[in-house]
Amino acid sequence: MECPICGSDDIEILNSKQKESKKKFMEEYLLKCLDCDHVFKDVFSAKKPKMYRLIISEQNRSHKTSIELSPSDELKVGDILLSDIGQVEVSSIEVNDTRVKKSIVEDIDTIWATSVEIPARIGFSVDLHGEVDSYKLDLERDFKIAPGDIVKIENHIVKVHVIKTNDRKLTSGFAKAGVIKRVYSKPVKFNNFDYDLTSNIFKKT
Ligand SMILES: [Zn+2]
3 MECPICGSDD IEILNSKQKE SKKKFMEEYL LKCLDCDHVF KDVFSAKKPK MYRLIISEQN
63 RSHKTSIELS PSDELKVGDI LLSDIGQVEV SSIEVNDTRV KKSIVEDIDT IWATSVEIPA
123 RIGFSVDLHG EVDSYKLDLE RDFKIAPGDI VKIENHIVKV HVIKTNDRKL TSGFAKAGVI
183 KRVYSKPVKF NNFDYDLTSN IFKKT
């Protein structure tokens, strides 16, 4: 900001008032130029945040949601936003049926993004009567595992017995991968299973 009389930017704020209308935040300042002593008012305004359509692709699924953004901001491909399912990276921006690399938020119809949440890394033990096959698995943080689940992992079909989370041991209920430390399982003589975690193996130890 500068003085409208002498152009100096040596300005002191004497007073400020905040106002809010339906669509805008406004801040009214009473200012004094320290070079020529001129006193003047200035108003700064910003549009209020609004909800925008956000489509997040996460592995093989897509998740439709919305996100609150300030219409006067600029958004570009590669920006990181905090959505209701965690951090996402903007992959495309749709304005008037056209995909663009950046835009003023106000003009945006849809934001396309990919999840950049770090997967949960959990331990998974298969008790082979004395020997243990131990795995590290990468799972989506909201993937649910329950005691009693029948799981395929490599050539084993196992039943989950105990789930150790950050603060307790579960033998019933379920836990999301985001809080699981380790799952303990034992082989069962079944051919069917609830899910296969083989492709989630990060490392076998
Ligand atoms: Zn001045």
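Residue numbers (our numbering): 3 to 207. The beta carbon of each residue, even a glycine, is placed where N, CA and C say it ideally should be.
Item to check | Nonlocal neighbours in the same chain, by C-beta distance under 6 angstroms from PHE145, ignoring five residues either side | outcome: ALA179
Checklist entry - Considering only the beta carbon of each residue, do ALA115 and GLU91 sit closer than 7 angstroms? => result yes
Checklist entry - Taking C-alpha atoms, which residue in ARG143, VAL128, ASP99 lies nearest to ILE120? => result ARG143
Checklist entry - Would you report the Cα separation of ARG123 and ASP86, rounded to the nearest angstrom? => result 21 angstroms
Checklist entry - Which value, in whole angstroms, describes the spacing of the CA atoms of ASP109 and ASP99? => result 11 angstroms
Checklist entry - Comparing alpha-carbon positions, which option in GLU76, THR112, VAL190, GLU30 lies nearest HIS131? => result VAL190
Checklist entry - For ALA177, is the classification buried or exposed, using 16 other Cβ atoms within 10 angstroms of its Cβ as the cut-off for buried? => result buried
Item to check | chain E contact for ASP144 (CB, 7 angstroms cutoff) | outcome: Among the chains of the structure shown, chain E does not appear; only one protein chain is present.
Checklist entry - Is it the case that the CB of ILE7 approaches a heavy atom of ligand 1 more closely than 6 angstroms? => result yes
Item to check | Residues bridged to ARG143 (per DSSP) | outcome: According to DSSP, which records beta bridges pairwise, ARG143 is partnered with nothing at all.
Next on the checklist: Please state the DSSP three-state secondary structure of SER23.
Outcome noted: coil
Next on the checklist: With a threshold of 8 angstroms, are at least 3 pairs of Cβ atoms found where one atom belongs to the region 41-52 and the other to the region 63-80?
Outcome noted: yes
Next on the checklist: Using a Cβ-Cβ cutoff of less than 6 angstroms, which residues in the same chain neighbour ASP151 once the five nearest sequence positions on both sides are dropped?
Outcome noted: VAL162, ASP196
Next on the checklist: For ASN157 and LEU77, what's the separation of their Cα atoms in angstroms?
Outcome noted: 47 angstroms
Next on the checklist: Relative to the C-alpha of LEU141, which candidate in LYS24, THR200, MET3, LEU36 has its C-alpha closest?
Outcome noted: THR200
Item to check | Cβ contact check for the region 180-187 and the region 163-170: 3 or more pairs under 8 angstroms | outcome: yes
Item to check | Boundaries of the beta strand (DSSP E) in which ASP44 is found, first to last residue | outcome: 41-49
Item to check | Contact belief for ASN17 with LEU36 at Cβ below 8 angstroms, rounded distance in angstroms | outcome: Not confirmed; about 15 angstroms, so no contact.
Checklist entry - Under 7 angstroms, do PRO149 and THR173 count as touching if we go by C-beta distance? => result yes
Item to check | LEU56 - containing beta strand (DSSP E), residue span | outcome: 52-60
Checklist entry - Can you pull the DSSP bridge partners for ALA115? => result ILE58, VAL92
Checklist entry - Does DSSP put GLY125 in a helix, in a strand, or in coil? => result strand
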